[in-house]
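Protein sequences, first through last, are from chains A and B. No gaps in the numbering here: position 218 of the first sequence is 218 in the UniProt record's numbering, and each next residue is one more. No gaps in the numbering here: position 87 of the second sequence is 87 in the UniProt record's numbering, and each next residue is one more.
Number of protein chains: 2
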Amino acid sequence: MASERKATADPARSLAILWRTREPTSRGAGQGLSVDRIVRAAIDIADAEGLDALTMRRVGEALGVGTMSVYTYVPGKAELVDVMIDTAYGEMPRPAVEGDWRVRLERIARDNLALYRRHRWMLRAETTRPVLGPHLVAKYDYELGAVADLGLTDVEMDAVLTLVLGHVKSSARAASEVVDLERETGLTDGQWWQSHAPWLETFLTADSYPTASRVGTAAGRQHGAAYGPEYAFEFGLQRVLDGISVVVAERAANG
Amino acid sequence: MASERKATADPARSLAILWRTREPTSRGAGQGLSVDRIVRAAIDIADAEGLDALTMRRVGEALGVGTMSVYTYVPGKAELVDVMIDTAYGEMPRPAVEGDWRVRLERIARDNLALYRRHRWMLRAETTRPVLGPHLVAKYDYELGAVADLGLTDVEMDAVLTLVLGHVKSSARAASEVVDLERETGLTDGQWWQSHAPWLETFLTADSYPTASRVGTAAGRQHGAAYGPEYAFEFGLQRVLDGISVVVAERAANG
DNA sequence: CGGCACGGCGTACGGCGTACGGCCGCGTTG
DNA sequence: CAACGCGGCCGTACGCCGTACGCCGTGCCG
Chain A
1 MASERKATAD PARSLAILWR TREPTSRGAG QGLSVDRIVR AAIDIADAEG
51 LDALTMRRVG EALGVGTMSV YTYVPGKAEL VDVMIDTAYG EMPRPAVEGD
101 WRVRLERIAR DNLALYRRHR WMLRAETTRP VLGPHLVAKY DYELGAVADL
151 GLTDVEMDAV LTLVLGHVKS SARAASEVVD LERETGLTDG QWWQSHAPWL
201 ETFLTADSYP TASRVGTAAG RQHGAAYGPE YAFEFGLQRV LDGISVVVAE
251 RAANG
Chain B
1 MASERKATAD PARSLAILWR TREPTSRGAG QGLSVDRIVR AAIDIADAEG
51 LDALTMRRVG EALGVGTMSV YTYVPGKAEL VDVMIDTAYG EMPRPAVEGD
101 WRVRLERIAR DNLALYRRHR WMLRAETTRP VLGPHLVAKY DYELGAVADL
151 GLTDVEMDAV LTLVLGHVKS SARAASEVVD LERETGLTDG QWWQSHAPWL
201 ETFLTADSYP TASRVGTAAG RQHGAAYGPE YAFEFGLQRV LDGISVVVAE
251 RAANG
């Protein structure tokens, strides 16, 4: 299957590229190809048409270059995606936010959501352990700053961040799926739901599954209106932050 | 996009198979192939070797049958995965749990985590909107029961469930990645972390990224010990439940 | 007993990632 | 200034994948 990360991706190779261990060569013909240009082209393709459309052939084509030329700068597709991810992290804002931890965490959540909205392919590409590129490290450092002065242990700080970012990613995935579905079927979520209503009524009867039937119908009716991925994101985010505040209050009380 | 779900997956076809719209034929030769046997074989392969190893050729091979014979019962790979997912949901327990909503939700979270542990391929396969198979519907109905009597609106009930299950999936994914990494590299997480220590110390210095450096080191040192995906799961779950309890208490107070 | 519906499958096509080996032009060296 | 060799570039080819298509043999129904 692959697609998101061949099992054989070599982290060391990705790291070498990410941290620019190689100096730019001036030898040879060189018609201006470079890791940066390749990554930029690849991101453009993935943004516009998704990870499936991102093939090495397409990348070469986009750069007016043979397929195999890409391999001069990038060891393989998996490593290319690694670099794409770190590059995307690099475009995130890292402003100094005024306000308490809750404001800061909420801001971080929204920034990450925006990132996933712009680069939907990241939702599928990150499957394996992230490669510790420079921008990911900077991002991690910045985001830890939001929870640094709350009296949490280092491990707890990491766990809080993991929790919030995990929620963002779940929500983003759900939202992305709705977009995909609308694009593929040509139907909005509400229309799709309505077209499946007869089918649902056949099997998902109030007799057999009372709760699922009622709630599903309610949720379905709201689709396109108030309910949807946005609601799930907002609701979940506030719940998560509420939950974190319990620990924070505890630590503040106990010193 | 594809890989876990070809963009061309046809939900209607999947649904037809899932709800057994076709009656079992008794015409023709028939050497005992069936949707069930195919699905079972496919799940065995995916469990043992991952989604990447699941190819139509492998499935046919495992059943002592030609590759294309599989297509007699299943329209394509995407639909096969759909059916695999619903089948996996079918093996989940749905006991009547005594205790309050928190006990019930916690139980649901752990059951789902166990499911993902047994079928790690599900973490990659569910990308798109789930197909509403019979077992998913039953699962949804069952799980809604855990939050049915808390005074929440229908939409809120759905959101609570989405939040909890999203956290489970995030955590399961993280845990699965650790397993994959250990399997691929032959190193435990702690060993891997240690082997990258020199590299990290070069770039992730206390000067440039003080917080990330300290927390990363702390988290890294704990790997293999107390910290890890299990901790992140437990910590996050309690935070999420704490957050939900705030809403529940609100509703209980306001009627 | 004839027909044919249907399960089973061999072949083939168009895609993918990428290994390999060669070409060619430039910067360096004697 | 000539020769060298290195490195950017890439054409070809291989082994995978999913699956369209058309052919067979079988056993039930009329």
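Here a beta-carbon is modelled for each residue, glycine too, at the ideal position from N, C-alpha and C. What you are looking at is a predicted structure, and each value in this text was computed from that prediction instead of being measured.
For residue i, would you say it is in contact with chain B, using Cβ-to-Cβ distances shorter than 9 Å as the test?
i: His167/A; result: yes
i: Thr153/A; result: yes
i: Leu15/A; result: yes
i: Glu201/A; result: no
i: Val247/A; result: yes
i: Met92/A; result: no
i: Ser69/A; result: no
i: Gly236/A; result: yes
i: Val243/A; result: The amino acid at residue 243/A is misidentified as Val; the sequence shows Gly. Cβ-Cβ to chain B under 9 Å: yes for Gly243/A.
i: His196/A; result: yes
i: Tyr231/A; result: yes
i: Ala88/A; result: no
i: Thr55/A; result: no
i: Arg239/A; result: yes
Answer with yes or no whether the minimum CB distance from residue i to chain A is below 9 Å.
i: Gly190/B; result: no
i: Leu105/B; result: no
i: Trp19/B; result: yes
i: Met1/B; result: Note on Met1/B: pLDDT 37, under 50, position unreliable in the model; no value is reported.
i: Met157/B; result: yes
i: Thr72/B; result: no
i: Val59/B; result: no
i: Ser170/B; result: yes
i: Ala114/B; result: no
i: Val83/B; result: no
i: Val160/B; result: yes
i: Leu33/B; result: no
i: Ala42/B; result: no
i: Ala109/B; result: no
Look at the Cβ atom of residue i, then the Cβ atom of residue j, and state whether they are nearer than 9 Å.
i: Val240/B; j: Gly243/A; result: yes
i: Leu54/B; j: Tyr89/B; result: no
i: Asp47/B; j: His135/B; result: no
i: Val74/B; j: Leu63/B; result: no
i: Thr205/B; j: Ser213/B; result: yes
i: Leu113/A; j: Phe203/A; result: no
i: Val168/A; j: Leu80/A; result: no
i: Val59/A; j: Ala78/A; result: no
i: Gly145/B; j: Arg104/B; result: yes
i: Pro229/A; j: Ala175/A; result: yes
i: Gly166/A; j: Ser171/B; result: yes
i: Trp101/A; j: Gly50/A; result: no
i: Tyr209/A; j: Ala138/B; result: yes
i: Ala252/A; j: Asp154/B; result: no
i: Thr72/A; j: Val39/A; result: no
Go ahead and pull the three-state DSSP assignment for residue i.
i: Val65/B; result: coil
i: His119/B; result: coil
i: His196/A; result: coil
i: Gly236/A; result: helix
i: Gly99/A; result: coil
i: Pro210/A; result: helix
i: Pro130/A; result: coil
i: Arg20/B; result: coil
i: Thr87/A; result: helix
i: Tyr73/B; result: coil
i: Leu204/B; result: coil
i: Gly243/A; result: helix
i: Asp141/A; result: helix
i: Thr162/B; result: helix
i: Pro229/B; result: helix
i: Ala252/A; result: helix
i: Gly60/A; result: helix
i: Pro93/B; result: coil
i: Thr185/A; result: helix
i: Thr217/B; result: helix
Would the beta-carbon of residue i be found less than 8 Å away from any heavy atom of the ligand GDP?
i: Arg120/B; result: In the structure on display, the ligand GDP does not appear, and there are no ligands present to speak of.
Can you tell me whether residue i is buried or exposed, with buried defined as 16 or more other CB within 10 angstroms of its CB?
i: Thr211/A; result: buried
i: Pro11/A; result: buried
i: Gly99/A; result: exposed
i: Met157/B; result: buried
i: Thr67/B; result: exposed
i: Ser14/A; result: buried
Task: Near-chain A residues of the stretch 132-146 of chain B (beta-carbon distance less than 8 Å), N- to C-terminal order - done: Leu132, Pro134, Val137, Ala138, Tyr140, Asp141, Leu144 and Gly145
Open item on the list: Short of 9 Å Cβ to Cβ, which residues in the stretch 203-216 of chain A face chain B?
Closed with: Phe203, Leu204, Ser208, Tyr209, Pro210, Thr211, Ala212, Ser213, Arg214, Val215 and Gly216
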